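Heads up, the thing below is written out as structure tokens.
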Amino acid sequence: MRKLLWIICLAGIAGTVSAQDADSVKTWTLKACVDYALENNIQLKQSRNSYLSGMEDTKQARAAMFPSLSASTSQSLSNYPSKDVTDNNMYTGTYGINAGVTLFKGGSLNIALKQQKMQNEIDLLTVEETANDIVTAIIQAYMQCLYAAESVNVARSTADASKAQRDRAEQMWAAGSISKVDFAQLESQWMSDEYQAVTARTTLDDYRLQLKQLLELDITEEINPVGPDVPAEQILTVLPPKSDIYLAALEAMPEIKRGRLSVQAAEMGIRQARSGYYPSITLSAGVGTGYMTATGAGTATGSTPGYNTGNQYWNNFNENIGLSLNIPIYSNRQTRTAVNKARIEADNSMLEQRSIEKNLLQEVETAYLNVLSNQSRFVSALKQEEYAEESYELTSEQFALGVKNTVELLTAKNELTTARLETLQAKYMTLLNLELLNIYQGKGIYGEY
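Per our numbering: the sequence shown ends with 449, consecutive numbering throughout.
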């Protein structure tokens, strides 16, 4: 009896919480969840920042092809403590502007710019890939929530039916129509079904928490995923050939494009490494001037003072231009090692590309077969649920007439509950894998569940 009271209390609490949720908790459709995640997900924001950082690297690689310009100045004060000099202190200042540009470096500057532009494309595809991963996780959690919510309804209706049977059985027992053992079995089944209803509610809360954490909502915010009834025609939609879906995925999925670009970037890395074999030519130019005060400082008393006539800025003004040639002769095998390692990296990139394509094929094939198998399960489960419901209704009527015993009644009810849950599971597994196939084909989410 104490256990019964606990179960009734828990069921009452769960019902109260459910009523509060319906009144105060914001409802979320699948599209709303996806849109919110794509806008606010921290991992996705970090991926976008990485792309923006790469764009800055591209600007720097482009700027490296233009001349550099710098200005310099120096100021100094010299002290000559000897009493034999004409002036003990001398102040000097120099000023200069210098420019330089690399005229030829084996094509490495052009290659570096192309590599960086390609890296920008790779980074952008990585952002798309991260977004797809987040959307996939959201869809999985969302479908779990919808399945759990309907499971709560099934568990609740089952518990209510058990209570009605228990109440009816109590009257029959009082009238002597059934034994106390039969009544005890029905009462025990009612308690068990109430416990299952509470457990189903707890499972729903767990799935809601997972979805909430994926959306990175604040701890004070609650979430209540809801969706309209999905027609059977949508669940049983006819799939295109598997090969067509895979070919569409090869063109749509960002990881495939990223892999192809990575191969091209690695091949370009070989050319970059080979540029180390070529000479480099650098052009430099500059202008400068300077002046000094107390130009006689440091000279002996009575001697001829240093240069101190005319306009020092003009007289010290100078211009320079230079051309330097650097020819690599022997670099301790650094260039050859760089070339060989670049070739190995290119080979690894091609192997990685093949691995990505194989993984995608496995994912597409798995989702495709899951859709077909769960569609078949859904059709069978619907028929099973229909037959189980009819059997349960007949058994209930016959039990009331004393034709069926308690065991037969409980068996029919449990079969109906199992059939309902099997229908729900097949339904949402089908919808989940249909959504995955849509993502693989670049179609986005199918609808608002």
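All C-beta atoms in this analysis are idealised placements derived from N, C-alpha and C, irrespective of residue type, glycine included.
Computed from a predicted structure; not experimentally measured.
Taking the alpha-carbon positions, what's the residue i to residue j distance?
{"i": "R271", "j": "V263", "result": "13 Å"}
{"i": "L239", "j": "I139", "result": "20 Å"}
{"i": "I97", "j": "N41", "result": "49 Å"}
{"i": "Y392", "j": "Q234", "result": "29 Å"}
{"i": "T309", "j": "I321", "result": "Unreliable positioning characterises T309 in this predicted model, as indicated by a pLDDT of 39, which lies under 50. The coordinate reading is nonetheless provided below. Answer to the nearest angstrom: the Cα atoms are 28 Å apart."}
{"i": "I281", "j": "S349", "result": "33 Å"}
{"i": "Q334", "j": "Y277", "result": "10 Å"}
{"i": "D457", "j": "V403", "result": "The first residue shown for the chain is 1 and the last is 449, placing residue 457 beyond what the model contains."}
{"i": "Y51", "j": "P254", "result": "15 Å"}
{"i": "V127", "j": "L146", "result": "29 Å"}
{"i": "E194", "j": "S47", "result": "47 Å"}
{"i": "A99", "j": "S275", "result": "24 Å"}
{"i": "A265", "j": "Q115", "result": "6 Å"}
{"i": "L38", "j": "K212", "result": "14 Å"}
{"i": "A175", "j": "E386", "result": "33 Å"}
{"i": "L432", "j": "S179", "result": "48 Å"}
{"i": "S72", "j": "G444", "result": "57 Å"}
{"i": "T418", "j": "V379", "result": "15 Å"}
{"i": "D43", "j": "T130", "result": "According to the sequence shown, residue 43 is Gln rather than Asp. Roughly 8 Å between the two C-alpha positions."}
{"i": "K358", "j": "A252", "result": "15 Å"}
{"i": "S82", "j": "N88", "result": "7 Å"}
{"i": "M292", "j": "Y91", "result": "6 Å"}
{"i": "S53", "j": "Q312", "result": "48 Å"}
{"i": "E170", "j": "Q210", "result": "42 Å"}
{"i": "A63", "j": "A285", "result": "18 Å"}
{"i": "T455", "j": "L401", "result": "One cannot answer for residue 455 here, as it falls past the ends of the chain, which runs 1 to 449."}
Report the residue from the options whose alpha carbon sits nearest the alpha carbon of residue i.
{"i": "A141", "options": "N326, A99, L30", "result": "L30"}
{"i": "L382", "options": "T423, L38, D84", "result": "T423"}
{"i": "A111", "options": "S70, N316, M65", "result": "Looking at the sequence provided, one finds Ile at residue 111 rather than Ala. With distances taken between Cα atoms, I111 lies closest to M65."}
{"i": "E389", "options": "V371, K413, F399", "result": "K413"}
{"i": "S74", "options": "T289, P225, R168, N49", "result": "T289"}
{"i": "N374", "options": "G100, A419, L236, K341", "result": "L236"}
{"i": "Y368", "options": "E255, Q196, Q144, Q441", "result": "Q441"}
{"i": "A197", "options": "K212, G227, E222, S151", "result": "S151"}
{"i": "A148", "options": "A169, E194, P225, N89", "result": "P225"}
{"i": "L436", "options": "I219, W173, Y246", "result": "Y246"}
{"i": "P328", "options": "L432, K105, D160, T418", "result": "K105"}
{"i": "L283", "options": "D244, E319, L325", "result": "L325"}
{"i": "A32", "options": "L351, T406, L215", "result": "L215"}
{"i": "E352", "options": "N315, S68, K257, A61", "result": "K257"}
{"i": "K57", "options": "S70, D35, L109, V34", "result": "It is Asp, not Lys, that sits at residue 57 in the sequence shown. The shortest Cα separation from D57 among S70, D35, L109, V34 belongs to L109."}
{"i": "T94", "options": "N315, R377, S396", "result": "N315"}
{"i": "P279", "options": "G107, G54, N153", "result": "G107"}
{"i": "I356", "options": "L416, A285, G259", "result": "G259"}
{"i": "S376", "options": "K45, K59, A426", "result": "A426"}
{"i": "K59", "options": "V407, L113, D218", "result": "L113"}
Which residue marks the beginning of the beta strand (DSSP E) containing residue i, and which one marks its end?
{"i": "G276", "result": "G276 -> no beta strand (DSSP E), and no H or E assigned at all."}
{"i": "Y291", "result": "280–292"}
{"i": "S373", "result": "Element bounds for S373: not the beta strand (DSSP E) but the alpha helix (DSSP H), 334–400."}
{"i": "N320", "result": "318–326"}
Within the same chain, show all residues whose beta-carbon is closer than 7 Å to that of residue i, passing over the 5 residues directly before and after it, in chain order.
{"i": "I439", "result": "N132, V135, T136"}
{"i": "A249", "result": "L360, V364, Y440, Q441"}
{"i": "M429", "result": "N370, N374"}
{"i": "Q144", "result": "Y207"}
{"i": "F399", "result": "L409"}
{"i": "S162", "result": "Q189, W190, D193"}
{"i": "G12", "result": "In this prediction, G12 has a pLDDT of 46, which is less than 50 and means its spatial position is unreliable; what the coordinates show is noted afterwards. Closer than 7 Å at the Cβ level, and outside the excluded window around G12, lies no residue."}
Give every residue of the same chain whose Cβ lies closer than 8 Å to the Cβ of residue i, excluding the five residues on either side of it in the sequence, and list them in chain order.
{"i": "L513", "result": "Any question about residue 513 goes unanswered here, given that the chain covers just 1 to 449."}
{"i": "A273", "result": "T335, A338, V339, K341, A342"}
{"i": "K242", "result": "V364, E365, Y368"}
{"i": "A346", "result": "V263, A266, E267, G269, I270"}
{"i": "L317", "result": "Sequence inspection shows Phe at residue 317; the Leu mentioned does not correspond to that position. Excluding positions up to five away in sequence, the list reads V287, G288, T289."}
From which residue to which residue does the alpha helix (DSSP H) around residue i run?
{"i": "N438", "result": "406–440"}
{"i": "D311", "result": "Contrary to the premise, residue 311 reads as Asn rather than Asp in this sequence. Note, N311: premise wrong, no alpha helix (DSSP H); not H, not E."}
Might you give, ordered along the chain, the residues of its own chain that have their beta carbon closer than 6 Å to the beta carbon of residue i, omitting 5 neighbours on each side?
{"i": "A155", "result": "Q196, A197, A200"}
Problem set entry | 4-residue-minimum alpha helix (DSSP H) runs that sit fully inside the region 209–262, ordered along the chain | 232–235, 242–252
Exercise. Which runs of the alpha helix (DSSP H), 4 residues or longer, sit entirely within the region 37–116?
Worked result: 42–63
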